[in-house]
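**Q** Residue 247 in full-length UniProt numbering is what sits at position 247 of the sequence shown, and the numbering runs on without skipping anything.
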Amino acid sequence: MEAAPFTPPSSFKTPSISSSSSLISLSKNFSRNHLPSKFKSPRNLSVRASNDDSVVTLLDYGAGNVRSVRNAIRHLGFQIKDVQTPRDILNARRLIFPGVGAFAPAMDVLNNTGMGEALCTYIQNDRPFLGICLGLQLLFESSEENGPVGGLGLIPGVVGRFDSSNGFRVPHIGWNALQITKDSEILDDIGNRHVYFVHSYRAMPSNENKEWISSTCNYGDEFIASVRKGKVHAVQFHPEKSGGKLFITSAFLFLQHMDYVGLSVLRRFLLPKSSLTEKHTERKASKLAKRVIACLDVRTNDEGDLVVTKGDQYDVREHAEKNEVRNLGKPVELAGKYYKDGADEVSFLNITGFRDFPLGDLPMLQVLRCASENVFVPLTVGGGIRDFTDSNDRYYSSLEVASEYFRSGADKISIGSDAVHAAEEYLKTKVKTGKSSIEQISRVYGNQAVVVSIDPRRVYLNDPSDVEFKSIRLTNPGPNGEEYAWYQCTINGGREGRPIGAYELAKAVEELGAGEILLNCIDCDGQGKGFDIDLIKMISDAVSIPVIASSGAGAAEHFSDVFSKTNASAALAAGIFHRKETFWLAGAHSVCERALVEGRHRGQDLIPFCVLRTDKGSVCGESQLPPSFCF
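Okay, structure coming up:
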């Protein structure tokens, strides 16, 4: 049974924790060090568990995409009871706290609603608890994020930011492996296989907290990936987003007993006494895996139906008599297909979102809601995320727009045109106003939730001194033999050029708080001749945040090229998947990069010589196999 959204009783002085607007209002004035380093359990609070084994109590404080956790719980056959009062926490039979967003606003909500004290009492009484991501970090004494800010103080230690000075990109986004340090129960089906992380801050192991640590992960330094003491568990990764096949137990080519990595963690927590699977052999963990992202360009066709389309240099209409919008399928169906095929993430780009008020685009919101019911990998949505005033003169901030996307199932939002305007203003004034969409959203939800989509086109040059923007020497000369080019950024779906280069834009948005860059190239879009390696190398070398390569993938080797020749953290493609030119196989997909990163991907053992199949054969690393070797 799922309760209605939290409506506080009259004794409460704060807004509903289930309302994203409450988090927005609290974030504007959150205080520093407003909590003691450790809560003391009130003597008048007692824990009394409910008797309904099918009910999971969910602490949703109103930030980020909790819908995915809800869907995962329902997928496992459980019902949900939302926390409405502190007493609901104390009476929970089992409690899940899917923390999403920034540390300080979350602590404000817990403190101002009385949930923090109840949560400490519940945990100190060794009741079944699972914290996810921020739900782990809040258990520590304090965080450096926008702080220092006091935490719940249950685990010794300070949550600090990853160090990017050693070349590691922050946020830590993607699939990484665990080193299990003690019996954890909920991790028994994972071993050291890959799970999905997305965070900029982490807690470090120490002598003071070592009794809590159940697993660690390495990203520059070894950090705490999960904790366990008695019935209390918490994980830094996202089990609800760690989809993908778990393992291969039989001999060559025979796949048996495949399960979902992340769902197995939730299942182990909810059914601790069941014998689900055998415990897996420990293996050496590998490093962060590169990601392959399936992109769905979504818009309405001429009949008003929401469809997936694909452009040719951003032109999505068929070159035929009717000049119709190219229709490649339904968004929810294709998202589900690519998830089952093994995509690491799925990205929805509302390519006409800049024209209309995005919150009026109810079909797009419904797409997110439906897709998140069965797609347990990260979902990104972009298009039209900006401040807006509707026809009734009602003003909506970009934060309110993004919040609705998050509540509908998005894990990350992608900002395009609005980011260009913000970067131009920042470069002009050198002042961070805090009012740009990038700053607003990253302040509340964390910079890992903010992707900036850059849409540049090449402007060829004979002499790089002809422009004030960063230019590069081209690997392949221009149409008239030009040896150089700069990349002019565009807005409004590539229709309008702006006086700013891709290099300058990337540097600016990183400073403003973006956590990831989606780097397109209009010249390469839909051409199938490969990514723009020159552009991607320039940008990925210039910033310390992850860069997603996009535009131009037409063959499996294009993915291996971009990963081996640039510092891109991920590669995104659309047409190559829509045209069904690739074949993904659990344990043997993802265009060779799994072989380049020690052959481990997402909880799957890689069969390292077959990754993608095209009509020309399969590609892995620098080798190519004939079709007869394809699965």
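Ideal Cβ positions, reconstructed from N, Cα and C, are used throughout, including at glycine.
The structure presented is a predicted model; accordingly, all values stated were derived computationally and were not measured.
Mind reading off the beta-carbon distance from Leu134 to Gly99? Whole number of angstroms is fine, and I expect it under 8 angstroms.
**A** Sure, about 3 angstroms apart at Cβ, within 8 angstroms.
**Q** Ignoring anything shorter than 4 residues, give me the alpha helix (DSSP H) runs that lie fully in the segment 59 to 91, in order along the chain.
**A** Whole alpha helix (DSSP H) segments, 4+ residues: 67 to 75 and 86 to 90.
**Q** Taking 7 angstroms as the threshold (C-beta atoms), are Gly336 and Val375 in contact?
**A** The answer is yes: Cβ separation under 7 angstroms.
**Q** Suppose the cutoff is 6 angstroms on Cβ atoms and the five residues either side in sequence are ignored; what does the same chain contact list for Ser347 look like?
**A** Hits under 6 angstroms: Ile293, Cys295 and Thr380.
**Q** To the nearest angstrom, how far is the alpha carbon of Glu496 from that of Thr490?
**A** Using only the alpha carbons, I get a separation of about 5 angstroms.
**Q** Please report how far the alpha carbon of Tyr487 lies from the alpha carbon of Ser471, in whole angstroms.
**A** Spanning the two alpha carbons is a distance of roughly 7 angstroms.
**Q** Within its chain, find whatever has a CB closer than 8 angstroms to the CB of Ser465; leave out the 5 residues flanking it on each side and keep chain order.
**A** Contacts found: none.
**Q** Tell me whether the beta-carbon of Ser414 lies closer than 7 angstroms to the beta-carbon of Leu518.
**A** Cβ distance < 7 angstroms, so Ser414 and Leu518 count as in contact.
**Q** Within its chain, find whatever has a CB closer than 7 angstroms to the CB of Glu482; leave out the 5 residues flanking it on each side and keep chain order.
**A** Cβ within range, chain order: Tyr460, Leu461 and Asn462.
**Q** Determine, using beta carbons only, whether Glu345 and Pro378 come nearer to each other than 7 angstroms.
**A** Taking 7 angstroms as the Cβ cut-off, Glu345 and Pro378 qualify as a contacting pair.
**Q** In whole angstroms, what is the alpha-carbon distance linking Val597 and Val83?
**A** Model confidence at Val597 stands at a pLDDT of 37, short of 50, so the residue's coordinates are unreliable; what they give is reported in the following sentence. Roughly 42 angstroms between the two C-alpha positions.
**Q** Would you list the one or two residues that DSSP bridges to Lys229?
**A** Answer by DSSP bridge pairing, in chain order: Val232.
**Q** Rounded to whole angstroms, what's the CA-CA distance from Asp189 to Val261? Just pull it up for me.
**A** The alpha-carbon atoms of Asp189 and Val261 are separated by roughly 7 angstroms.
**Q** Based on Cα-Cα distance, which residue from Pro331, Leu288, Ala571 and Ala289 lies nearest to residue 642?
**A** Since the first residue of the chain shown is 1 and the last is 631, residue 642 is not available in this structure.
**Q** Taking the alpha carbon of Phe223 as the point to measure from, which residue in Leu136, Asp183 and Arg299 has its own alpha carbon closest?
**A** Out of Leu136, Asp183 and Arg299, Leu136 has the C-alpha closest to the C-alpha of Phe223.
**Q** On the DSSP bridge list, what partners appear for Tyr487?
**A** The partner list for Tyr487 (beta bridge, DSSP) reads Arg458.
**Q** Mind listing, in chain order, the continuous beta strand (DSSP E) runs of no fewer than 3 residues lying wholly within the segment 369 to 397?
**A** Whole beta strand (DSSP E) segments, 3+ residues: 379 to 382.
**Q** To the nearest angstrom, how far is it from the Cα of His34 to the Cα of Val149?
**A** Because the pLDDT at His34 is just 43, under 50, the model does not fix this residue reliably, and the point stays unresolved.
**Q** Which residues bound the alpha helix (DSSP H) around Thr113?
**A** Here the alpha helix (DSSP H) through Thr113 covers Phe103 to Thr113.
**Q** Between the beta-carbon of Ala485 and the beta-carbon of Arg458, is there less than 7 angstroms?
**A** Yes, they are a contact pair.
**Q** In angstroms with no decimal places, state the Cα-to-Cα distance between Ile385 and Tyr338.
**A** Whole-angstrom Cα-Cα distance: 25 angstroms.
**Q** Which same chain residues end up closer than 6 angstroms to Asn551 when comparing Cβ atoms and leaving out the 5 residues on each side of it in sequence?
**A** In the sequence under discussion, the amino acid at residue 551 is Ser, which differs from the Asn named in the question. Cβ neighbours of Ser551 beyond the five flanking positions: Asn520, Cys521, Cys524 and Asp525.
**Q** In whole angstroms, what is the alpha-carbon distance linking Glu144 and Tyr445?
**A** So the alpha carbons of these two residues sit roughly 15 angstroms apart.
**Q** The alpha helix (DSSP H) with Ile438 in it runs from where to where?
**A** Ile438 -> alpha helix (DSSP H) spans Ser437 to Tyr445.
**Q** Just to confirm, is the Cβ distance from Ser200 to Ser214 under 7 angstroms?
**A** Not a contact, by the Cβ cut-off of 7 angstroms.
**Q** On a CA-only basis, which of Pro156, Gly528, Ala502 and Ile545 is nearest Arg579? Give me that one, please.
**A** That would be Gly528, whose Cα lies nearest to the Cα of Arg579.
**Q** Near Gly329, what residues of its chain come up, given a Cβ to Cβ distance below 6 angstroms and the 5 sequence neighbours on each side ignored?
**A** Around Gly329: Val308.
**Q** State buried or exposed for Asn389, treating a residue as buried only when at least 16 other CB atoms are found within 10 Å of its CB.
**A** Checking the sequence shown, residue 389 turns out to be Thr, not Asn. Per the 10 Å Cβ criterion, exposed.
**Q** To the nearest angstrom, how far is it from the Cα of Pro105 to the Cα of Ser442?
**A** Spanning the two alpha carbons is a distance of roughly 12 angstroms.
**Q** For Gly526, report the span of its beta strand (DSSP E) as first-last.
**A** Careful: Gly526 lies outside any beta strand (DSSP E) and carries neither H nor E.
**Q** Taking Ile454 as the reference, give the member of Glu373, Arg299, Thr433 and Val420 with the closest Cα.
**A** Considering only alpha carbons, the answer is Val420.
**Q** Taking Cβ positions, are Leu368 and Ser408 nearer each other than 7 angstroms?
**A** Yes, the Cβ-Cβ distance between Leu368 and Ser408 is below 7 angstroms.
**Q** Considering just the uninterrupted stretch of the alpha helix (DSSP H) at residue 632, what are its terminal residues?
**A** Outside the shown range of the chain, which is 1 to 631, sits residue 632, and nothing can be said about it.
**Q** Check the DSSP bridge columns for Thr309 and list the partner residues they point to.
**A** For Thr309, which the question treats as bridged, DSSP gives the partners Asp297.
**Q** Could you name the residues of the same chain whose beta carbon sits closer than 8 angstroms to that of Ile533, not counting the 5 residues immediately before and after it, in chain order?
**A** Around Ile533: Thr475, Asp561, Val562, Lys565 and Thr566.
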